[in-house]
Amino acid sequence: MWQFTKRHIVIYITTIVVSLLLFGLALYFFSADYRRLQQSGILGYPRSRHFLNAFNTRAKPPIPVSQADLIRTWMTFAYVNKAFNLPGDYLRNMLEITDRAYPNIAIRALAERQHLLPDAYLESVKEAIRQYPAIAPD
Amino acid sequence: MVFFSFFLTFLLLYKYAALFVIAFVAALILPIPASTTLAAAGAFSSQGYLDLGTVLIVAFMANVAGDIAGYLLARRYGEAVLYKIGFRRVLESSRYRALREYFLSSQWSLIYFSRFLTQIGPAVNLLSGLVKVPYKIFFLFDVLGEASYVLLYALAGYFLGSQWENNVDFFIKAALVMLSLGLTVTLIQAGIYRRKTRH
Chain A
18 MWQFTKRHIV
28 IYITTIVVSL
38 LLFGLALYFF
48 SADYRRLQQS
58 GILGYPRSRH
68 FLNAFNTRAK
78 PPIPVSQADL
88 IRTWMTFAYV
98 NKAFNLPGDY
108 LRNMLEITDR
118 AYPNIAIRAL
128 AERQHLLPDA
138 YLESVKEAIR
148 QYPAIAPD
Chain B
4 MVFFSFFLTF
14 LLLYKYAALF
24 VIAFVAALIL
34 PIPASTTLAA
44 AGAFSSQGYL
54 DLGTVLIVAF
64 MANVAGDIAG
74 YLLARRYGEA
84 VLYKIGFRRV
94 LESSRYRALR
104 EYFLSSQWSL
114 IYFSRFLTQI
124 GPAVNLLSGL
134 VKVPYKIFFL
144 FDVLGEASYV
154 LLYALAGYFL
164 GSQWENNVDF
174 FIKAALVMLS
184 LGLTVTLIQA
194 GIYRRKTRH
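Going line by line, the protein sequences match chains A and B. Sequence positions in the first sequence follow my numbering and run 18 to 155. Sequence positions in the second sequence follow my numbering and run 4 to 202.
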């Protein structure tokens, strides 16, 4: 069993003080980040009495096509269609996709199958999404 | 990023099955990015691709299952395996006994707060089994810890929505808060235990 000397006690108290300081600092930066996200509107926490409405996923609007830059090569076409509320065949027709895995295939994987550079193919996907409002029926 | 991208694509393709596998394996033994994957699942739920309730339940069950599996394996076979591979001297040393005593003195805080850090969670599970933390104590604080962890990360991802990937440092800061709080509580708990055993 450990025998605590005065030295051990000093180390112990110092460690607690350091960990408390670390906690204080971490909490400060975390709350500063939280305030920044809430003030910028990114953190979609509703300022209303009806907190439970926040969990109604059907009420969430789709991502606007102006934010097509959020798309990444790891995303699947199924996810992109859902997130941007696109018809299932829209990207298939616009990009002339014949792969049977569509839409359950990642953008990067499809690009590699077609021997295309993933980043270049990603840009064509983003461009196709930006054009959707002009093509979509009302 | 390529490494992490693999898990995100896996999650998008296989949804809840992928979430279960990633969370279970991370809780059991492998240091894979389960926390960020959970936050991503929360974000995908905000867009309607996944259901938030199902994400919470699946992630919670997978984490608890992985923790308990690691704990039970270590409890049942841990010492025997360590003896066999030549750790007899370590297990019979005074340092190991002191470590064991320290662990048992602050078990609940160690178990609870280590749920927020997927890198050390598996080690705490194995150590809990090795030093034979009582079943009920391990299960209770594991369940409480995993419930808190799953709610924190999944809901943070949910409310960040499509902007979650640009704000990954928000999750890192949350983990630092829990790490430092856990360290403080564990130290205080060990000190109180030490005072009690001296008297």
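Ideal Cβ positions, reconstructed from N, Cα and C, are used throughout, including at glycine.
Supposed close pair B:F174, B:Y156 - CB separation, criterion 8 Å: Taking the first residue of the second sequence as 1, we reach residue 174 of chain B at position 171. Taking the first residue of the second sequence as 1, we reach residue 156 of chain B at position 153. Correct: roughly 7 Å between the Cβ atoms.
Which residue from A:P78, A:A100 and A:L112 puts its Cα closest to that of A:A85? Numbered from its first residue, the first sequence carries residue 85 of chain A at position 68. Nearest C-alpha to A:A85: A:A100.
Consult DSSP for A:A153 and reduce its assignment to one of helix, strand or coil. Residue numbering aside, residue 153 of chain A sits at position 136 when the first sequence is read from its first letter. DSSP places A:A153 in coil when its eight states are reduced to three.
Beta carbon of B:F115, beta carbon of B:G69: below 7 Å? Here residue 115 of chain B corresponds to residue number 112 of the second sequence, with the count starting at 1. Here residue 69 of chain B corresponds to residue number 66 of the second sequence, with the count starting at 1. For clarity, residue 115 of chain B is Tyr in the given sequence; the question names Phe instead. Cβ atoms of B:Y115 and B:G69: not closer than 7 Å.
How would you list, in chain order, the residues of chain B whose beta-carbon sits under 7 Å from the beta-carbon of A:A137? Sequence index remark: in the first sequence, residue 137 of chain A carries index 120 (1-based). None at all; the shortest Cβ gap to chain B is about 17 Å.
C-alpha distance - A:I80 paired with A:D106, whole-angstrom precision: In the first sequence, residue 80 of chain A corresponds to position 63, counting from 1. In the first sequence, residue 106 of chain A corresponds to position 89, counting from 1. Roughly 18 Å between the two C-alpha positions.
Would B:K139 pass as an interface residue toward chain A - the criterion being a Cβ-Cβ separation below 7 Å? Walking along the second sequence from the start, residue 139 of chain B turns up at place 136. Cβ-Cβ to chain A under 7 Å: no for B:K139.
Quick one: which residues of the segment 47 to 60 of chain A get their C-beta closer than 8 Å to a C-beta of chain B? List them in chain order. F47, D50, Y51, L54, I59 and L60
Proximal residues of chain B, C-beta to C-beta of A:K99 below 9 Å: Looking up residue 99 of chain A in the first sequence gives position 82. Ordered by position in chain B, the residues that pass the 9 Å Cβ test against A:K99 are F47, Q50, G51 and Y52.
Between which residues of its own chain and A:L127 is the CB-CB distance below 8 Å, once the five residues before and five after are set aside? Start at 1 with the first residue of the first sequence, and residue 127 of chain A comes out as number 110. Within the same chain, A:L127 has close Cβ partners F94, I114, D116, A118, Y119 and Y138.
Alpha carbon to alpha carbon, how far is B:L163 from B:S37? Give it in angstroms, no decimals. By one-based count along the second sequence, residue 37 of chain B stands at place 34. By one-based count along the second sequence, residue 163 of chain B stands at place 160. According to the sequence shown, residue 37 of chain B is Ala rather than Ser. The straight-line gap from Cα to Cα measures roughly 17 Å.
Hey, quick one: how far does the alpha helix (DSSP H) through A:H132 stretch, first residue to last? Here residue 132 of chain A is taken as the residue at index 115 of the first sequence, counted from 1. Premise fails: A:H132 is in no alpha helix (DSSP H) and is neither H nor E.
Alpha carbon to alpha carbon, how far is A:T90 from A:F47? Give it in angstroms, no decimals. To locate residue 47 of chain A, count along the first sequence from 1; it is residue 30. To locate residue 90 of chain A, count along the first sequence from 1; it is residue 73. So the two alpha carbons sit approximately 30 Å from each other.
In DSSP terms, what A:T93 is bridged to: Position 76 of the first sequence, counted from the first residue, corresponds to residue 93 of chain A. Answer by DSSP bridge pairing, in chain order: A:A123.
The segment 170 to 197 of chain B: positions lying closer than 8 Å to chain A by Cβ: N170, D172, F173, K176, A177, L179, V180, L182, S183, L184, L186, T187, L190, I191, G194 and R197
Please name the residue, chosen from B:G51, B:M64, B:S97 and B:Y86, that lies closest to A:N102 on a Cα-to-Cα basis. Start at 1 with the first residue of the first sequence, and residue 102 of chain A comes out as number 85. It is B:G51 whose Cα lies nearest to the Cα of A:N102.
Nearest CA to the CA of A:D50: which residue from B:L41, B:V153, B:S117 and B:A177? Along the first sequence, one-based indexing puts residue 50 of chain A at 33. Ranking B:L41, B:V153, B:S117 and B:A177 by Cα distance to A:D50 puts B:A177 first.
Flag B:S109 as yes if its beta-carbon sits less than 7 Å from any beta-carbon of chain A, otherwise no. Taking the second sequence and counting its residues from 1, one reaches residue 109 of chain B at position 106. No, no contact with chain A.
Under 7 Å, Cβ to Cβ, is there at least one residue of chain B near A:S36? Counted from its first residue, the first sequence places residue 36 of chain A at position 19. Yes, A:S36 counts as interfacial toward chain B.
What does a CB cutoff of less than 7 Å around B:M181 pick up in its chain, not counting 5 residues either side in sequence? Within the second sequence, residue 181 of chain B is the residue found at index 178, counting from 1. The answer, listed in chain order, is F116 and F119.
Would you say B:L11 faces chain A, with C-beta separation under 7 Å as the test? Indexing the second sequence from 1 puts residue 11 of chain B at position 8. B:L11 counts as touching chain A.
Residues within the segment 87 to 121 of chain A neighbouring chain B, beta-carbon criterion of under 8 Å: L87, R89, T90, W91, M92, T93, A95, Y96, K99, A100 and N121
Verify whether the separation of the beta carbon atoms of A:A145 and A:L87 is less than 7 Å. In the first sequence, residue 145 of chain A corresponds to position 128, counting from 1. In the first sequence, residue 87 of chain A corresponds to position 70, counting from 1. Contact: no.
Out of curiosity, what's the CA-to-CA distance linking B:A42 and B:S109? For the purposes of this step, residue 42 of chain B is taken as residue 39 along the second sequence, with counting starting at 1. For the purposes of this step, residue 109 of chain B is taken as residue 106 along the second sequence, with counting starting at 1. So the alpha carbons of these two residues sit roughly 29 Å apart.
Where B:G51 sits in the DSSP three-state scheme: Within the second sequence, numbered from 1, the residue matching residue 51 of chain B stands at position 48. Looking at B:G51 - three-state DSSP - the assignment turns out to be coil, as it is neither helix nor strand.
Residue range of the unbroken alpha helix (DSSP H) whose run includes B:N128: The residue you call residue 128 of chain B lines up with position 125 of the second sequence. Per DSSP, B:N128 belongs to the alpha helix (DSSP H) from G124 to L133.
For chain A, check one thing: does any of its Cβ atoms lie closer than 7 Å to the Cβ of B:Q122? By one-based count along the second sequence, residue 122 of chain B stands at place 119. For B:Q122, the answer is no, since every Cβ of chain A falls outside 7 Å of its Cβ.
Do you know offhand how far B:F9's Cα is from A:R24's? Position 6 of the second sequence holds residue 9 of chain B. Position 7 of the first sequence holds residue 24 of chain A. Going from the Cα of B:F9 to the Cα of A:R24 covers about 49 Å.
Measure the C-alpha to C-alpha separation of A:N110 and B:F27 and round it to an integer number of angstroms. For the purposes of this step, residue 110 of chain A is taken as the residue at position 93 of the first sequence. For the purposes of this step, residue 27 of chain B is taken as the residue at position 24 of the second sequence. Distance between the alpha carbons of A:N110 and B:F27: 39 Å.
Any C-beta of chain B within less than 8 Å: which residues of the segment 124 to 151 of chain A qualify? R125 and A126
Could you have a look at A:G105 and say whether DSSP puts it in helix, strand or coil? Indexing the first sequence from 1 puts residue 105 of chain A at position 88. If DSSP states are grouped into helix, strand and coil, A:G105 belongs with coil.
Just checking: is the beta-carbon of B:L15 within a distance shorter than 7 Å of some beta-carbon in chain A? Residue 15 of chain B sits at position 12 when you count from the first residue of the second sequence. Answer yes: the Cβ-Cβ gap between B:L15 and chain A drops below 7 Å somewhere.
Taking only beta-carbon positions, decide if A:I80 is within less than 7 Å of chain B. Counting from one through the first sequence, the residue named residue 80 of chain A turns up at place 63. Output row for A:I80: interface = yes.
B:S8 touches chain A at which residues, Cβ-Cβ below 8 Å? For the purposes of this step, residue 8 of chain B is identified with residue 5 of the second sequence, where counting begins at 1. R89, T90, W91 and R125, listed in chain order.
Check whether the segment 89 to 103 of chain B and the segment 58 to 75 of chain B are in contact - that is, three or more C-beta pairs closer than 8 Å. no
Is the beta carbon of A:Y149 sitting closer than 7 Å to the one on A:V97? As a first step, residue 149 of chain A must be located in the first sequence, where it is residue number 132. As a first step, residue 97 of chain A must be located in the first sequence, where it is residue number 80. Result no, Cβ atoms of A:Y149 and A:V97 do not sit closer than 7 Å.
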